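Trainee: Chains as they are written, first to last, in the UniProt record's numbering: chain X, 1 to 682; chain B, 1 to 682; chain V, 1 to 682.
Where a beta carbon is used, it is the ideal one built from N, C-alpha and C, also for glycine.
Note that the structure is a prediction, hence the values are computed from the model and not measured.
(1) At a Cβ cut of 7 Å, what residues of the region 404-433 of chain X count as close to chain B, listed as they run along the chain?
(2) Please tell me whether residue 374(X) and residue 30(X) are closer than 8 Å, where the distance is taken between their beta carbons.
(3) For chain X, find out if any of its Cβ atoms is closer than 8 Å to the Cβ of residue 313(B); answer yes or no.
(4) Among 272(V), 53(V), 17(V) and 567(V), which one has its Cα closest to the Cα of residue 128(V)?
(5) Measure from the C-beta of residue 349(V) to each C-beta in chain B and report whether the shortest distance is under 8 Å.
(6) Please report the residue range of the alpha helix (DSSP H) in which residue 39(B) lies.
(7) By the criterion of Cβ-Cβ separation under 9 Å, what are the contact partners of residue 167(B) in chain X?
(8) To the nearest angstrom, how far is it from the Cα of residue 114(X) to the Cα of residue 120(X)?
(9) From residue 28(V) to residue 4(V), what does the alpha carbon distance come to, in whole angstroms?
(10) Secondary structure at residue 181(X), three-state DSSP: helix, strand or coil?
(11) Considering only C-alpha positions, which residue in the set 124(X), 671(X), 619(X) and 577(X) is nearest to residue 141(X)?
(12) Going by the C-beta, is residue 186(B) closer than 7 Å to any heavy atom of the ligand ATP?
(13) Quick check on DSSP: helix, strand or coil for residue 150(V)?
(14) For residue 661(V), which of 475(V), 677(V), 87(V) and 401(V) has the nearest alpha-carbon?
(15) Determine the contact status of residue 372(B) and residue 670(B), defining contact as a CB-CB distance below 8 Å.
(16) List, in chain order, every chain X residue whose beta-carbon is nearer than 9 Å to that of residue 491(V).
(17) Does DSSP classify residue 118(B) as helix, strand or coil?
(18) Answer with buried or exposed for residue 586(B), where buried requires no fewer than 16 other C-beta atoms within 10 angstroms of its C-beta.
(19) At the level of alpha carbons, what is the spacing between residue 578(V) and residue 406(V)?
(20) Mind checking who residue 641(B) pairs with in its DSSP beta bridge?
(21) Please list, in chain order, all residues of the same chain as residue 151(V) whose beta carbon is under 6 Å from its beta carbon, the five residues on each side excluded.
(22) Using a Cβ cut-off of 7 Å, pull out every chain V residue sitting near residue 188(B), in sequence order please.
(23) Taking residue 165(B) as the reference, which of 663(B), 178(B), 153(B) and 154(B) has the closest Cα?
(24) Verify the CB distance criterion: does residue 456(X) have a CB-CB separation below 8 Å to chain B?
(25) Apart from the five residues just before and just after residue 563(V), which ones in its own chain have a Cβ nearer than 7 Å to its Cβ?
(26) Quick one: list the residues of chain B neighbouring residue 511(X), beta-carbon separation under 8 Å, in chain order.
(27) Determine, using beta carbons only, whether residue 611(X) and residue 566(V) come nearer to each other than 8 Å.
(28) Can you pull out the residues from the region 136-162 of chain B whose beta carbon lies closer than 9 Å to at least one beta carbon of chain X?
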């Protein structure tokens, strides 16, 4: 099995002689896969209906001759200026009514029939011409769907939205019921009266907003499906489209089943010490979206990006370390944006595998080194294989785009960052040495011992029941803000949580009581001021952030209480053992409730208690010192030192990268070891 | 007399069976008044010209049967979506030309003839149907006029603005003179050339801006008047519309005479320690708007609201304490938004009298307690009455919307918060135990011993003369930034202040010299850096904020000087005794000038000196400890502990709430006592 | 020769009797030049085609009778409202599509044919009427071109932009090549498809943006040229237009040759301690734009302005001190906005020579004093003359608007303030007692010993070669971010800098590595966190800001290195002696490279080393104590104490202002001395 290596290749930016050097350098670097054509529409169809494929023929033939496989883009991500000139109505419109213009990229309304027709025709021609090209390994549909324009408020989108609503609700009465339009005199007499949630005098109807999020995600998916159908009609080569990690505008759960392989673009900030933890969460998501199957890191940067205010260069070794993090967490491909750093345009200051300054550079030397190593790893097969293997996990976090959309709406109890809530739990579990999957709350949870549902604000009856059922045998942790609303954002009355979860947890919520705004509490920082917590499960000087509430216990133990202000003495962490506390359960499950977002150390303690209770064996430390990530994939243990200080390996076996005995080996900052039991790795 | 109790009741959000429970719970809680129909237009007229009153008939009959009186809304605050669908020109337009859309509320241009006609017809039908309903106690016209859309910049508004200007100025020459269009080539050749102050290249003409504020306030008032006229044609029941405290967009002085009873919506932040002081100022305004007559607290929240970034729950007792603050300061009704907490829509996380989690809750228990207490107080009559009585005050602050609008315009000497300037004086006087009225500078001031005119930037000749005349016998304090401009925002040349005030004060202003921006002074905070002050009247380490100036003394004592930088040694606080200093006056009056906004403690000292000079007896402390508000209404002394610490009562008499002897009684945080002389209160 | 004194005079704001007083007061103050008519279009042409010059005739006659010369404005800076009413398409449009409205000023699209035609006709009439008026000294074309509306995105501008592009590129293929449209599918098939860089989904094409800056600057210049041509057809009196210091939207290099005299409006913040240094840089620019010829300070404020958030009054003496700074740095005129402080309109709180409060004021007394002194200085002639003389400089900084526009574009390595980079070098050189010129990198540099090119991001081949050639004999300092791009913003591949500079410096750049964002480095402040530096040339605790990079040395000495993180040990400051290091050069030149923006003290040390190496003699200190600026103009040494503390003069000669011997004289804060060698000045 191969761990693909390569990246976006845009030869149209360069004169022909450079192409030959490109292929030579690709061979030197061990490049095995090139993504071609992502932004080539204007080059492939310079004017409506006039196509020019000759240059692309040559590129593909050159790559094929050089042994480089091709991930061929459908080139529909950015229409040529002629489309806007002839059809201004294809340009997207903002919430405030501003029609966006040409001159950057992705300037199309996803619902535009004109755009879809033109894009479809281009795909048809590409499939016709290249379906049988020997270099073709993968179809790359469009590019980063929705990265700049995920919502369009134009009249064309308005009509498409109404159509989507008709489909969803059947009658306008049903829409009125779902949206709760009895309030604020919002009752619609006909679908024709509904508009996208354009700028309005004040808070817009929450369900209206949520349905527009759903619609917009679906419209982009419809674009994808249309292209895929055209490809399928003429080619059986697998398709992908590049995801963008935790990308709020698009519900990747609904997309995951539609791609043949999951691929991801992620650009953590090299200067941010929090990047490795965040990136680990992204890698886990990609693995989870594909149901555990290997995925592709489709884009990362060789060094700096260009779109932040400050764009740090990657430190020596950092690109390699982060690449291995992806492999460790299930990637079978390490690809980059882009092959050769552009000499012009908006991304000229985004680093490339071949830098502006050429190959006598640190960046290029690291590119060659990693290429060589991945080729070595790719050569391993059978029991020793790394590529193609899976990563085992007994712990999962429930992730839900509807909750993400809803909990960050205005007119809520308090400002909550959904990703911060998820990330806190992911970090706590990861710090115990566990690998975490993401799951859907309504999915099959039977493979897990421990499931956490944090800030899962919107929960269908099926989700509520499924989580409650899991608690019968497994360990369920429910975080604050969960199952407060149903799928139409109607409150679950009578204490929130929904009846099955309320019974499982043995608690109900009387009232939300979030902490005060920081300026009122003189806390000075951005985060809300902390609420003190007390209880063995949370350790010494514990505090909660982001949320607080009055929890009423009916049938549960109180493991920690709030210790501040009006909430003092009220439960903050509770547990109900379903095998004992309830008296009727037959399993050994338990249901925890956590009514705030505890500080990281407290959360780690809670997670550890729950994991032990769930019967999960926590792995021993792989190193002494450093800030180390250790992940087992297949038969190999990947050890990566993300910190500035050296770490010493404590595990037996052999490091595949150095060939040395692992035990006692020292890993410098950004160092990596891949430890296997075998004595003499190749 | 009754102290009304209740709140907004929106039964259309709930299935029919809930209505019966509502009335039963209202009875349990002592609810006596329900506001019905505020957001019911779309339900009452689901499509143009088709009316459905059956459900409202039933609601009113049910309430009547349950003994609950009705404050019936005209339901015109939020048009149904069909209005925008059929008449997009009724939608309001922002300064930047964005036409706001449906999906929230209040999406109408106040000048729209179409809106006004449709609203008028609805009111006509409501009056026709319900004028004689036995439950009807009050008409509630529209709702929170201008809360989201107080200014509209559309072409319809433009024409209405021009009409208003024609009315105001008669000729375009007069407009040119008033607006000072000789500068910047702004001369208008005809009214038709005038536009609303839409987005422009730079600072817009200040008088143009001010007139648009006046026009916009008047347009909303015209909407109110139109509805009131329709009601009056068919009903003699009193009308109100709910004000919103210190609401900048609308000049409530011009509205006050038009309502039969003043009512107010105020939502102080429960987490902000400054809220009780701010709320006290609001209550005083409401009393003053009605000329001292009892008013209604039309809306407050039982616990949290939903529209801040962080929405704190009210602490135990806080809702009750703040309710009594309103009663103490003249309210004869304590009403809430809303009766039953919504299950859907934009306000579902706004607390209700009946919470999501039901009646086994702190919120509900406090609702029942307060209802019982208010019923007890309502039963008192004759000399013992509380409802219907007035609150006496000998101190007033001049309040002026034109000054508010003008002083916060850009292109001014410095950024000034008008409310901060007023609030500082209100707090200083309140801290002395005084109750403060708000007055118009041109009004009858004869009932007061002390009048403060802070930051009264815009003053007509009548106002200048009236204030100067008051100083002949009373104590007048003029704050910085007063009478700098006339009603057209033309400078009062020759030293500012206007001739009569200049003479009364014995000073004129040479030049403004506000403190530097905080970042330049390395002060770090948001407020401008302080200017040191020296003088007995301001105490030890005094400083001024917000403003500074070069004051020239002609005939006055200097009580304090600036003590910093270029201003060092220049007068900061002066006083002219009109009975002595001027040599000619016969009264005992005096005129103070304060050239900056002193720090709170210094301001308190100044206020105390002036109050003593004015012959005002300062009340003795009502308590020891705590952060206590003590206000006398009628024969009762209301004592409210807003602080976190316990306070001990020092006054004789009986506490009506506990029935105990007052002297020595301990008030916990949020505790309230209502002390009367009588020995055995019922 | 005369040092002009006076300012903007807007009599149309005042009744006729005031005009007589104006002329009397002008005579008292020594006013010699009045700028008339700047905002008079609406008064001169109250409706289309109807002109009224009678009032202006009277004003000019009155001034002439009073001996005051006139700088007559063309009055085209702000069209009357009737233009917008009749031709809404003349109103400018923002990037977001908002059409700006009337009611402020400058509301015209610079490309509008209608505006240009109407403006031209007005100028024609003014020239016809006043070309031979005896008071006429100067034509003042328009006013502060572009100060509010420098870019317009309307359809008229779009067509003008396309025309400009056709002119520049000839073919659309050439445009595509220059803009690098091969990327992001931006290829244009025809000029008609190009739009102004309106709001777009993400980063707009950088060269597109840059060309729009160039176009917009050119469009304003075309307006100026059109008016000048009309004037030239009927008058030989000199023309000017008032510049605005370092004004980013307009490339003053391209304007400088078009004006007969350079004039400038500058309003430093009186409360900002950094203002004198910044103002010195502005004065040096104005002198440089005119090739060293005397220039006019056309506008400054007598005391406070009105358009900042906080508008400090000038301290006593500050206006005078800053006026002399201008004279010292080459000004032959000290003029103000405006003569009489307005009583109404947007600028009524902007100070005037005649304040609101009259002439018994500090401001007026200082006005009279300065007028008298300038008259005394004007009377000096021959060898003793001050007016008309030049300021010598052997040091220059390369200034380039294209680099300014480009380096502050988004999608760059990091956020850089171009002015901060230039200002840091200017301050370092100025602190050595040197007077600094600004030059164009492609200009004649032979008059200088030391040239600095900081952040000169965009460099043509000619500029690169010219700088490299200068280093053969002179001392060249190249700062970070220089010559990274060519004029089309294409990267100079192979190490940046361009071949000639790379050779001259003996270094190339491997990769940019800017410091991390401050929040990531916990630095707390706004500025990026520092990078430690080590090396004798930078002193003890040195650090770099704003930028960092990996510098590869081929043939140079390393004078300082980075001393932090991944950059530790890499060169930060290098030098190549072209006469020795290269082995082939014949001159004594040298080429320095500075890879970051060192802290001020380090930069001063670097500048001092380089200046000494360049053979520049540093002047001895003119004073002891104080924060003193000392500049020699002609035979006089101007010494100005900007600091709060007293300074003592150390120079021989006589102070023209006090008449006293200079040596030992004490200068208070804001004090000024003009020291000449002569014993008995008049």
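Mentor: Short version:
(1) Per Cβ criterion, the list reads 411, 412, 413, 414 and 415.
(2) Mapped onto the first chain, residue 374(X) falls at position 374. Mapped onto the first chain, residue 30(X) falls at position 30. Yes.
(3) For this step, residue 313(B) is matched to residue 313 along the second chain. True, the Cβ-Cβ gap to chain X drops below 8 Å.
(4) Working through the third chain from its first residue, we reach residue 128(V) at position 128. Residue 53(V) is the option with its Cα nearest to residue 128(V).
(5) For the purposes of this step, residue 349(V) is taken as the residue at position 349 of the third chain. Output row for residue 349(V): interface = yes.
(6) Locating residue 39(B) in the second chain gives position 39, counting from the first residue. Unbroken run through residue 39(B): none, as it is neither H nor E.
(7) Here residue 167(B) is taken as the residue at index 167 of the second chain, counted from 1. In chain order: nothing, as chain X lies at least about 28 Å away.
(8) Indexing the first chain from 1 puts residue 114(X) at position 114. Indexing the first chain from 1 puts residue 120(X) at position 120. It is roughly 10 Å from the alpha-carbon of residue 114(X) to the alpha-carbon of residue 120(X).
(9) Taking the first residue of the third chain as position 1, residue 28(V) is located at position 28. Taking the first residue of the third chain as position 1, residue 4(V) is located at position 4. One C-alpha to the other measures close to 15 Å.
(10) Along the first chain, one-based indexing puts residue 181(X) at 181. Three-state result, residue 181(X): coil.
(11) In the first chain, the residue the question calls residue 141(X) occupies position 141. Per the Cα distances, 124(X).
(12) With respect to small molecules bound, the structure shown includes none, and the ligand ATP cannot be examined in it.
(13) Numbered from 1 along the third chain, position 150 holds the residue referred to as residue 150(V). Residue 150(V) falls in the coil class under three-state DSSP.
(14) As a first step, residue 661(V) is located in the third chain; it is residue number 661 there, counting from the start. Of the candidates 475(V), 677(V), 87(V) and 401(V), the one whose C-alpha sits nearest the C-alpha of residue 661(V) is 677(V).
(15) Within the second chain, the letter at position 372 stands for residue 372(B). Within the second chain, the letter at position 670 stands for residue 670(B). Taking a C-beta distance under 8 Å as the contact criterion, residue 372(B) and residue 670(B) do not qualify as a contact pair.
(16) As a first step, residue 491(V) is located in the third chain; it is residue number 491 there, counting from the start. In chain order: 341, 342, 343, 344, 348, 349 and 356.
(17) What you label residue 118(B) is simply residue 118 of the second chain in a count that begins at 1. Helix.
(18) Position 586 of the second chain, counted from the start, is the residue given in the question as residue 586(B). With a pLDDT of only 47 at residue 586(B), under the threshold of 50, the placement of this residue in the model should not be trusted, and no figure is reported.
(19) Taking the third chain and counting its residues from 1, the one referred to as residue 578(V) is at position 578. Taking the third chain and counting its residues from 1, the one referred to as residue 406(V) is at position 406. Inter-residue distance for residue 578(V) and residue 406(V) is about 30 Å (C-alpha atoms, whole angstroms).
(20) Locating residue 641(B) in the second chain gives position 641, where the first residue counts as 1. In the DSSP assignment, residue 641(B) forms a beta bridge with 628(B).
(21) By one-based count along the third chain, residue 151(V) stands at place 151. Correct list, in chain order: 216.
(22) Reading the second chain from its first residue, position 188 is the one you call residue 188(B). For residue 188(B), the neighbours in chain V by C-beta distance under 7 Å run, in chain order, 81.
(23) Your numbering for residue 165(B) matches position 165 in the second chain. Per the Cα distances, 178(B).
(24) Along the first chain, read from residue 1 onward, the residue named residue 456(X) stands at position 456. Output row for residue 456(X): interface = no.
(25) Looking up residue 563(V) in the third chain gives position 563. 532, 533 and 534, listed in sequence order.
(26) To locate residue 511(X), count along the first chain from 1; it is residue 511. Here the neighbours are 303, 304, 313, 351, 355, 357, 361, 362 and 363.
(27) Indexing the first chain from 1 puts residue 611(X) at position 611. Indexing the third chain from 1 puts residue 566(V) at position 566. In this structure, residue 611(X) keeps its C-beta atom at 8 Å or more from the C-beta atom of residue 566(V).
(28) Within the region 136-162 of chain B, the qualifying residues are 147, 148 and 149.
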